DNA sequence: ACCCCTGTTCGGCG
DNA sequence: CCGCCGAACAGGGG
């Protein structure tokens, strides 16, 4: 489930443990999510203070005293939550952090997620990204044009899913952006008009900002009128045209799109505006 | 029962 | 050697 805003929501679930000392740690070390984790460093977290956390795209980083960092990627089905001190872990709770006032739990049934541990002043190479965050000042229009130029022969859906360019954007966000831009997911980025490129960047930022504000605060608070609500309901209907959505595999992922809002084409087009 | 999946990596193939 | 694509990972939900 977790994309940009859901990741932020889950990050906050662990805020209850901030500035507290980790008094106990339970883990199922054989599980797949620890496949890249240094278990020695992970166990060293015991007795340390949970100082701060941050998110970058779909990655989460939790900083502890002693220059220790815990990194988590939630994969397809991961989630974080806080429980009372006396909580007993359940079958998919792979990592359980005990504090005096709360218990922080990492759960992931499908185990596509990842736990990383590092020691050092810097949080290390895992928690970093080649490009700027979508909502940062560095995510400029000229930079966006460079991206488009570099991937001119990519379908725009595949383009949006590239984490190096769009950290945090996942399948549903990409579909939301394309629908609100009136762009078919299979259109090559090189074919977009100047206005469409500019609109694509703008809508991407607005949707990220709105999603962070709403979903980041309350998991299921998805803005009314968004394609999201129709995406996987048995018969998805375009909120604008009330006609069935198409479901096709584009860029390796199932995509939902409206044939009226998002007609396919192979040549230059005009910028499309839509108010949602 | 069967088919689907909001992510990422890897190996085969052209 | 490179890029694209499907498979694989593993379990839950419709």
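In the working numbering, the protein residues as written are 239 to 514. A virtual CB, placed ideally from N, CA and C, is assigned to each residue, including glycine. Predicted model, so just to flag it, every value in this text is computed and none were measured.
- Beyond the five residues adjoining it in sequence on each side, residue 410 comes within less than 7 angstroms, by CB distance, of 241, 466 and 469 in the same chain, given in chain order.
- Its chain contains 332 and 349 as the residues whose beta carbon lies nearer than 8 angstroms to that of residue 269, once the 5 sequence neighbours on both sides are disregarded; these appear in chain order.
- The distance from the Cβ of residue 446 to that of residue 373 is about 6 angstroms, consistent with a contact at the 8 angstroms cut-off.
- A Cβ-Cβ distance of about 15 angstroms is found for the pair residue 309 and residue 278, leaving them out of contact under the 8 angstroms criterion.
- Distances from the CA of residue 314 to each of 258, 271 and 303 were compared; the closest alpha carbon is that of 271.
- Burial check for residue 504: the Cβ neighbour count within 10 Å stays below 16, so the residue is exposed.
- Looking at the DSSP output, residue 306 bridges to 302 and 357.
- It is roughly 15 angstroms from the alpha-carbon of residue 492 to the alpha-carbon of residue 500.
- With respect to the C-alpha of residue 383, the residue from 415, 368, 406 and 430 having the closest C-alpha is 430.
- For the 8 angstroms CB-CB criterion, residue 282 and residue 306 form a contact.
- For residue 414, the closest C-alpha among the options 448, 427 and 387 is that of 448.
- Look at residue 426 here: in three-state DSSP terms it is strand.
- Here residue 398 is near residue 407, since their CB atoms are less than 8 angstroms apart.
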